[in-house]
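**Student:** What follows is a structure written as structure tokens; I'll ask about it next.
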Amino acid sequence: MLVAGNWKMNGLLNDAEHLAEKLASGNTQNRNTEVIIFPPFLHISAVARIVQKFDIKTGGQNCSVAESGANTGEISCEMLLDIGCSHVIVGHSERRSLHGETDALVAKKYAAALDVGLTPILCVGESLEQHNSGETEEVVVRQLSSVRETVGLGGLCSGIIAYEPLWSIGTGRAALPSKVQSVHETIRSCLGDEGAKTRIVYGGSLNSQNSAAMFAEKDIDGGLVGGASLQAEEFLRIIKMAERL
Ligand code: PGA
């Protein structure tokens, strides 16, 4: 199982260090559950120093497609690797909707991450409108195909897929585990035999109340947690749920 915490643009350095310390002291370092946190870029180094001894990995919430050079304000995959990151989130719906990231750009970011040896977590998911008109599978398959065309099936299978329906992110309205399972089955079928071991996690209003039922589904291999990852006790409870499976 995998439990990832996306801190988004929250907290100052002091808050990040406190949260990291609480997580470090509470994490049981269970070998069956991988824990990764995604602090804001500026806080990653400080957080990594605190948590790395406690078997908690760190990652970036975004990355540039470029390797280096004239890209004001961007952060390269190599820079993330250099400060101790092992993972990077690409194509989060907030990047897609607030920053105009297209399927093609997300695919390039996925490729850039693989090139340097970072594991990308590809976020896919449908809007409320697409959900209501029954387009969920179509949207998710399209988002996956774009990455597959760029990095090939092997490349796609070597990352992590996070299914995050937009209408459940930050709304307190998690999708039903059985429905998530069925979307994850569709995702798994797009990955073919090579994808049998690829981790497919769910994200969207996960908390300690709903994560056990979610994680119990066959093709749900963990969660990408937003709001609830900002409270150490709550995030640790979610990790415990995953460890039980
Ligand atoms: P949420 O966010 O848990 O606050 O809904 C999830 C995410 O955006 O990854």
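With this note's numbering applied, the sequence shown covers 14 to 258. All residues carry an ideal CB built from backbone N, CA and C; glycine is no exception. Note that the structure is a prediction, hence the values are computed from the model and not measured.
Tell me which residue opens and which closes the alpha helix (DSSP H) that residue 175 is part of.
**Tutor:** No alpha helix (DSSP H) contains residue 175, which is instead part of the beta strand (DSSP E) from 173-176.
**Student:** Determine whether the beta carbon atoms of residue 10 and residue 245 lie at a separation below 9 Å.
**Tutor:** Here the chain has residues from 14 to 258 only, and residue 10 is not among them.
**Student:** Could I get the ranges of all uninterrupted beta strand (DSSP E) runs contained in the segment 98-144, with 3 residues as the minimum, in chain order?
**Tutor:** Counting only runs of 3 or more, we get 100-103 and 132-137.
**Student:** What does the alpha-carbon distance come out to for the pair residue 152 and residue 124?
**Tutor:** Each residue's Cα considered, the two are about 20 Å apart.
**Student:** Taking the alpha-carbon of residue 102 as reference, which of 116, 126, 111 and 57 has the nearest alpha-carbon?
**Tutor:** Closest option to residue 102, Cα to Cα, is 126.
**Student:** Using a Cβ-based criterion (distance less than 8 Å to any ligand heavy atom), does residue 182 qualify as near the ligand PGA?
**Tutor:** Yes, since a heavy atom of the ligand PGA falls inside the 8 Å radius drawn around the Cβ of residue 182.
**Student:** Considering only residues of the same chain and omitting the five flanking positions on each side of residue 30, which have a CB-CB separation below 6 Å?
**Tutor:** So the list reads 59, once near-sequence residues are dropped.
**Student:** Note down the Cα distance separating residue 249 from residue 221, rounded to an integer number of angstroms.
**Tutor:** The straight-line gap from Cα to Cα measures roughly 9 Å.
**Student:** Can you find at least 3 beta carbon pairs, one from the segment 56-70 and one from the segment 26-41, that sit closer than 8 Å?
**Tutor:** Contact holds: three or more Cβ-Cβ distances are below 8 Å.
**Student:** Indicate whether residue 211 and residue 159 have their beta-carbon atoms separated by less than 9 Å.
**Tutor:** Against a cut-off of 9 Å, the Cβ pair of residue 159 and residue 211 comes out as no contact.
**Student:** How about the segment 67-75 and the segment 93-109: do they share at least three Cβ pairs that are nearer than 8 Å?
**Tutor:** The answer is yes - the segment 93-109 touches the segment 67-75, with three or more Cβ pairs under 8 Å.
**Student:** If I measure Cβ to Cβ from residue 217 and keep anything under 7 Å in the same chain, skipping five residues before and after, which residues do I get?
**Tutor:** The residues are 177, 178, 181, 182, 187 and 188.
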